[in-house]
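**Student:** Convert by adding 83 to the 1-based position in the sequence shown; the result is the number in my numbering.
This is the structure, below, for whatever I ask next.
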Amino acid sequence: MRYIIILIMGMMSMGQRFAQGNTIKPYAYGKNGMEYIVRYQSGHTVIVSTFHARADLVEPISKAMFQYFTQNKPISGAWITLEVEGAKVSGSCIIKEIDRLTSVEFHYDTVVRSNGITEVYRPVRPDVPTSRAQSAIAIEQ
84 MRYIIILIMG
94 MMSMGQRFAQ
104 GNTIKPYAYG
114 KNGMEYIVRY
124 QSGHTVIVST
134 FHARADLVEP
144 ISKAMFQYFT
154 QNKPISGAWI
164 TLEVEGAKVS
174 GSCIIKEIDR
184 LTSVEFHYDT
194 VVRSNGITEV
204 YRPVRPDVPT
214 SRAQSAIAIE
224 Q
């Protein structure tokens, strides 16, 4: 009888852990804008913009997207997953190049937090754009 009680208690605690690890929360509002600008001495400029960004992840994801872009040279439309401290962010990447200007746009879709919460971007009204606040970090290399 004692073993059955221990088994039931163990199964209940595992079920609670599983339920906590799979919490999905939709969010409708995120920050849009240019976040990271790098100008090379050659005159070439790379601008990293984020869309539907979670406020606490704007800066680390912008920097991670720039590093990913310089190391991997993704194609426009690619699905990318970036890992930063405390979160794994998945989304699409749109790349536009005009002369010596490259625009790298990263559109958030899913944020998986280290605490097990998954945030999924779902706009309330797809026809209404979200905020376009600007807070760029400029770097000269």
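All C-beta atoms, glycine included, are put in the ideal place defined by N, C-alpha and C.
Leaving out the 5 sequence neighbours to the left and right, which residues in its chain are closer than 8 Å to residue 128 when beta-carbon positions are compared?
**Tutor:** Only 120, 121, 122, 183, 184, 185 meet the Cβ criterion.
**Student:** If I measure Cβ to Cβ from residue 195 and keep anything under 6 Å in the same chain, skipping five residues before and after, which residues do I get?
**Tutor:** So the list reads 171, 201, once near-sequence residues are dropped.
**Student:** From what residue to what residue does the beta strand (DSSP E) around residue 115 run?
**Tutor:** Residues 114-122.
**Student:** With DSSP collapsed to three states, give me the class of residue 226.
**Tutor:** Any question about residue 226 goes unanswered here, given that the chain covers just 84 to 224.
**Student:** Start and end of the beta strand (DSSP E) containing residue 169?
**Tutor:** It is not in any beta strand (DSSP E) - residue 169 carries neither H nor E in the DSSP assignment.
**Student:** So residue 167 and residue 176 are supposed to be a Cβ contact under 8 Å. How far apart are they, rounded?
**Tutor:** That belief does not hold up - the Cβ atoms of residue 167 and residue 176 are roughly 16 Å apart, past 8 Å.
**Student:** So what does DSSP say about residue 111, is it helix, strand or coil?
**Tutor:** It is coil, neither helix nor strand.
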